[in-house]
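With the numbering used here applied, the sequence shown covers 33 to 216. Comments concern the structure below.
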Amino acid sequence: MKIEVLVADESHAKFAQAICDEVFVSAQERGTGIAKRTPEYIIEKMKAGKAVIAIADGEEFAGFSYIESWGGKQFVANSGLIVAHKFRGLGLAKSIKKRIFDLSREKFPDAKIFSITTGAAVMKMNYSLGFRPVPFSELTDDPEFWKGCQGCKNYHILEENNFQRCICTGLLFDPKEHITITVE
């Protein structure tokens, strides 16, 4: 079986419903919240070149993630990382995470990249890319971002804590903390 991880485009719109279904089932199984998205929203991300998709044998959805920008593009969120059940345990999440991170850096080189998660595996992947845990106060204060959490069953916790704490961990990659030195 050959699995390709690539920047999604309009041709991948046919997988949008499968992506949404997988996100829903996975959230139910974990018993934690996840921002619900519609197929139309997923397709919009694909058309804008702000999504990464994993395709098995050229025809089957295997995984997905997308980018959102916030706060006047000062912040970018890597969101919606999902691997279809059939393809779990193959290291595919790491490949998708690395590609969405690289795409974020390409499209928004000066933006701070963040992720919020309850999953230890996602935290570990983020650490390996240079993310660090931060309080929510270091993440975007754009109210539109936090509206995305409304679909989570733990939203009341976030709301009760004035959008400063929840059960998720905030992780941040600040490009100013990661400089590259080129020797000629």
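For glycine and all other residues, C-beta sits at the position ideal for the given N, C-alpha and C. No experiment lies behind these values; they were computed from the predicted model shown.
Selection from the options that minimises the alpha carbon distance to residue i
i    : options                : result
Q106 : G112, G162, F205       : F205
K139 : E100, A153, L124       : E100
I85  : W102, A152, K129       : K129
T149 : L161, D142, A143, P165 : P165
E153 : S127, Y98, H44, V39    : First, the residue type needs correcting, since residue 153 is Ala and not Glu in the sequence shown. Checked all of S127, Y98, H44, V39; the closest Cα to A153 is S127.
K82  : K185, S136, I145, K144 : S136
E54  : D174, V115, Y98, E92   : V115
D174 : K46, I75, V108         : V108
I199 : E209, K46, Y187        : Y187
V39  : S58, F96, E209         : F96
I35  : I75, L122, C184, E170  : L122
N110 : G104, G103, R131, E92  : R131
Range of the contiguous alpha helix (DSSP H) that encloses residue i
i    : result
A94  : Note, A94: premise wrong, no alpha helix (DSSP H); beta strand (DSSP E) at 92-102.
S43  : Run containing S43: none; DSSP gives neither H nor E here.
I74  : 71-79
K82  : Premise fails: K82 is in no alpha helix (DSSP H) and is neither H nor E.
S127 : 124-139
Bounding residues of the beta strand (DSSP E) (the contiguous stretch that carries residue i)
i    : result
V166 : 164-166
S160 : That residue, S160, is in no beta strand (DSSP E); its alpha helix (DSSP H) goes 152-160.
I114 : 107-115
L203 : 201-205
F177 : That residue, F177, is in no beta strand (DSSP E); its alpha helix (DSSP H) goes 175-179.
Rounded Cβ spacing between residue i and residue j (contact assumed at less than 8 angstroms)
i    : j    : result
G202 : F177 : No, G202 and F177 are not in contact; Cβ-Cβ is about 11 angstroms, not under 8 angstroms.
A80  : F119 : Rounded, the Cβ-Cβ distance is 25 angstroms, inconsistent with contact.
P207 : D134 : In fact, because the Cβ distance is near 13 angstroms, the residues do not count as touching under 8 angstroms.
K77  : Y98  : 4 angstroms
I75  : A48  : 5 angstroms
Counted within 10 angstroms of its Cβ, other Cβ atoms place residue i as buried (16 or more) or exposed
i    : result
G112 : buried
V37  : buried
G180 : buried
N158 : buried
E61  : exposed
K156 : exposed
S160 : exposed
S225 : Residue 225 lies beyond the stretch modelled for the chain, which goes from 33 to 216, so this question has no answer here.
T214 : exposed
K144 : buried
T172 : buried
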